[in-house]
Structures are given as structure tokens and as C-alpha cells.
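Written below as C-alpha cells is the structure these notes are about.
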Amino acid sequence: MRFCCARALISYRRGQASAGKACLPGPHRFMREGKMAEQNELEAVAATAGQGRASAVRLRDGGVVSLVLDVAGLEPLARDKLEIAVKGALLALDGVTKVQVAMTAERRPPRIIVVGSGKGGVGKSTFSANLAVALHRAGRKVGLVDADIYGPSQPRLFDCEDVKPTARDQKLVPVSNDFGVPILSMGHLVPPGQAIAWRGPMAGNALGQLIDAHWGDVTDIIVDLPPGTGDVQLSMLQKHKPAGAVIVSTPQDLALMDAVRAISLFEQGKVPVIGLIENMAGYVCPHCGELSDPFGIGGAEAAAKSMSLPFLGRVPLDMTIRRASDAGVPPASGEGLIADAFIGIAARISTWIDNRFGTAG
């Protein structure tokens with residue numbers, strides 16, 4: 192009698208345990224009001240509604256579904272629409288009470304816009320500094336790299352010669368300044384006036400450290416290239432893949448010949464040439480007001496037309512630029528005709544970037 196009762200009790204308890212297990216949500220499904228959504232159904236719906244960007248779909252207690260959406264490259268409005276679509280599709284399924292979405296976007300490296308000349312002495316570094324400042328004033332998140340390893344000048348142009356960059360995770364942190372453009376230069380790493388006697392590979396490695404730095408939310412880096420078409424330029428083309436190139440020249444034929452060589456180098460490297468700048472174009476005498484053209488005028492514009500390239504504008508030869516640059520205050524940060532010249536050129540370059548890559552960067 193006792194033996195039969197014991198067997199009945201064990202059987203009853205086993206039945207209770209079995210029934211309890213059947214009511215618990217398993218790893219692949221959950222139940223609400225007798226209806227059930229399968230894991231594979233959730234994943235399929237999330238994949239379709241999320242346009243292939245959904246991952247890590249999980250079922251949680253109480254009918255809660257969590258997932259990750261990769262929204263890299265999407266504008267804010269597109270991100271919102273995608274999130275709404277995914278949530279709506281999943282909430283329409285049986286048993287889903289809530290959808291939790293985590294959005295991630297892999298940080299893209301900044302675009303590189305190089306400024307080259309093919310020849311020294313045409314004002315390329317001064318132009319690069321003012322272009323960066325003008326782009327910043329236009330609302331772009333821009334940084335500046337002084338790639339002239341042997342003759343760096345950007346620290347002087349931004350009045351930050353005595354500032355040393357810090358390092359984090361074995362990468363340099365750019366130097367800040369009063370003009371909103373973080374910069375890195377060999378001029379920050381060696382004492383002023385000290386010669387740098389490096390062979391090509393060492394210069395290329397140094398350039399890599401300047402570019403592969405902690406740029407934060409910077410989307411565009413202006414790179415002030417050294418004159419010529421040597422090792423640094425080749426390293427830039429082969430390792431860092433610039434998004435575009437701006438060519439600076441004075442109007443005279445001798446400078447234009449070297450500018451054409453620089454254009455040829457970029458075209459061989461499959462780097463789009465954004466356009467040409469005519470620098471030192473026209474000089475107004477501060478005493479009599481007469482306009483003269485010591486280097487000629489119109490040469491860069493004519494060269495751009497002959498090569499079917501955009502002409503981006505002129506910057507005059509003006510005492511204001513020299514004085515402000517020596518004082519470490521880029522003229523583009525101020526007001527007046529000189530600032531307007533840089534701002535106008537920056538607007539055309541900014542339009543080129545947006546047309547090619549989209550306003551979201």
C-alpha cells in the first residue's frame with residue numbers, strides 16, 4: 192500500500208515538473224496568451240525591416256525583444272525611419288510587447304584633402320591654414336596636418352609653436368588653438384630651427400603618425416604637402432588615399448609648369464583634382480592704390496580651363512596676409528576682402544565634398 196502511494200506521488204511530482212517546464216520561455220521562443228513567436232521569425236522580420244542592418248536579436252522576459260542596428264553612413268532622418276520600421280514590424284508579431292534598439296555606427300576615418308603645388312614659394316602653407324579656418328567657419332569639422340616634414344610652418348601660422356601634442360593609446364592627440372582647427376606638425380615635435388635629416392621611409396613613417404592620430408569628430412583633414420613630387424607625396428598617395436587634391440600656383444608660367452606636374456602625379460594616383468587656386472594674384476599699392484600684377488594674372492585660370500579642371504578662385508598679394516600670418520592669426524578668421532577670398536574658395540571646396548560624398552560625410 193505504501194509502495195503504491197509512493198509511486199503515485201513520484202508520478203504526480205514528475206507531471207508537475209513537466210507541466211512547469213512547458214510554460215517557461217525557452218531560448219528560442221516565448222508564449223503570451225497561448226501565442227508564440229519563433230526566434231527565426233523574429234530574426235527574419237528584423238533583417239527585412241532593418242534592411243540587413245539588424246543583428247544580435249534576442250528574446251527576453253515579458254515579450255521584450257532587443258537588437259542592434261548598424262546605422263553607419265545614414266543621416267539622422269534615415270536612422271530614425273529605420274528604427275521606427277524595425278520596431279513596428281516586430282511589435283506586429285504575436286507575443287512582442289516591447290522592442291529595444293541599440294544603434295551603432297563604426298567611426299569612419301576622416302577624409303583627406305591634400306593641398307599641393309609642385310613648387311615651393313607659392314604660398315601653399317598659408318593657403319592651407321586659411322582654407323582649414325574658412326572650412327571650420329563654414330561649419331565643417333576639419334583638422335590640419337603639416338606634411339612638410341623638413342620645413343614645417345603651420346605651428347607658426349597658428350601661434351602654437353611651443354605646444355607639444357600629447358599621446359593616448361600610442362597615438363598622437365592633435366594640438367588645439369584659438370581658431371577651432373586641431374593640427375599636427377613635425378614642428379610640434381622638434382625644437383624650432385632644428386634641421387630634420389631623414390631619408391624617405393622615415394619621413395613617410397612620420398607622416399603616418401600625424402595622420403593616424405586621435406582626431407575625434409573631425410570629418411575632413413587638410414594636408415599641407417611639401418613642394419615637389421617626392422617621397423612624402425608618394426607615401427600619401429599609396430598609404431592614405433586622399434579624397435581630393437587642391438593645387439596652388441602663382442600666375443607665372445614657371446610656377447604653372449610645376450603645378451601641372453603635381454596634377455599629373457595626382458591623376459596617376461587616381462586622386463580627383465578639386466581645382467586650381469591662383470595665389471598672389473594682383474597687388475594694390477598701399478600708397479597710391481594702383482593695382483599691379485608682379486606675377487601676372489589669369490595664368491592658373493587659363494591652365495585650369497585648358498585641362499578641364501575647376502578654377503576655385505584667386506587670393507591677392509596683400510600685406511595683410513603676411514602680417515597676420517607672422518603674428519599667428521590666419522586672415523580667414525577675420526573680416527574683409529582677404530577673408531572673403533578664402534571663405535569663397537572654401538565654400539566651393541565644401542560644395543565639391545558634399546556633392547561627392549553627401550552632406551552626412
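Under the numbering used here, think of the first position of the sequence shown as 192, with each following residue one higher. Every residue gets a Cβ at the ideal spot worked out from N, C-alpha and C, and that includes glycine. Only a predicted model underlies this, so the values are computations on that prediction, with no experimental measurement involved.
At least 8 angstroms separates the beta-carbon of Leu326 from that of Val306. Straight-line measurement puts the Cα of Gly314 at about 22 angstroms from the Cα of Lys496. If the five residues before and after Met294 are omitted, its C-beta is found closer than 6 angstroms to the C-beta atoms of Leu260 and Val262, all from its own chain and listed in chain order. In this structure, the alpha-carbon of Lys278 lies about 6 angstroms from that of Val290.
When Ile536, Thr511 and Ala537 are compared, the shortest CA-CA separation from Gly527 is found for Thr511. In this structure, Leu284 places its C-beta atom within 8 angstroms of the C-beta atom of Glu232.
The residue from Ala404, Asp369 and Gln361 with its alpha-carbon nearest to that of Leu375 is Ala404.
Taking C-beta atoms as the reference points, Leu425 and Val462 fail to come closer than 8 angstroms. At a Cβ-Cβ threshold of 8 angstroms, Ala472 and Pro522 do not count as neighbours.
Scanning the segment 360 to 394 for uninterrupted beta strand (DSSP E) segments of 3 residues or longer gives 362 to 364 and 374 to 376, listed from N- to C-terminal end. Short of 6 angstroms from the beta carbon of Asp337, and not among the five residues preceding or following it, lie these beta carbons of its own chain, in chain order: Pro343, Gln345, Ser376 and Asp415.
Membership of Gln424 in any beta strand (DSSP E) is not indicated; the residue belongs instead to the alpha helix (DSSP H) covering Asp422 to Ser426. The Cβ neighbour count for His431, taken over all protein chains shown within 10 Å, is at least 16; the residue is labelled buried. With respect to Leu467, Ile488 sits apart: the two C-beta atoms are not nearer than 8 angstroms. The closest CA to that of Leu447, considering only Phe457, Ser499, Gln230 and Gly490, is found on Gly490.
One alpha carbon belongs to Gln385, the other to Leu456, and they sit about 30 angstroms apart. Cα atoms of Asp545 and Cys351: separation of roughly 31 angstroms, rounded to the nearest angstrom.
Trp389 has its alpha-carbon roughly 37 angstroms from the corresponding atom of Ile529.
In the displayed model, Phe349 falls within coil according to three-state DSSP, outside both helix and strand.
Nearest neighbour of Gly460 by Cα position, chosen from Ala237, Thr317, His478 and Ala436, turns out to be Ala436. For Thr357, the closest alpha carbon among the candidates Gly535, Val256, Ala320 and Gln400 is that of Gln400. Of Arg249, Gly311 and Gly330, the smallest CA-CA separation from Thr542 is found for Gly330.
Per the C-alpha coordinates, the member of Ile304, Met393 and Ser246 positioned closest to Thr410 is Ile304. The shortest CA-to-CA distance from Pro365 to any of Ile340, Val333 and Asp339 is the one to Val333.
A check of alpha carbon separations from Gly286 across Gly253, Ala276 and Lys272 identifies Gly253 as the nearest.
Ranked by how close their Cα comes to the Cα of Pro373, the residues Leu363, Leu503 and Val381 have Leu363 in first place. Between Arg505 and Ala538 a beta carbon distance of about 14 angstroms is seen, past the 8 angstroms cut, so the two are scored as non-contacting. With contacts defined by Cβ atoms closer than 8 angstroms, Ala453 and Ala494 do not form a contacting pair.
Here Arg359 is not near Gly519, since their CB atoms are 8 angstroms or more apart.
At the C-beta level, Ser308 and Pro433 stay beyond 8 angstroms of one another. Asp415: member of the beta strand (DSSP E) spanning Asp411 to Asp415, first to last residue. Using a 10 angstroms sphere on the CB of Thr288, the tally of other CB atoms stays under 16, which defines it as exposed.
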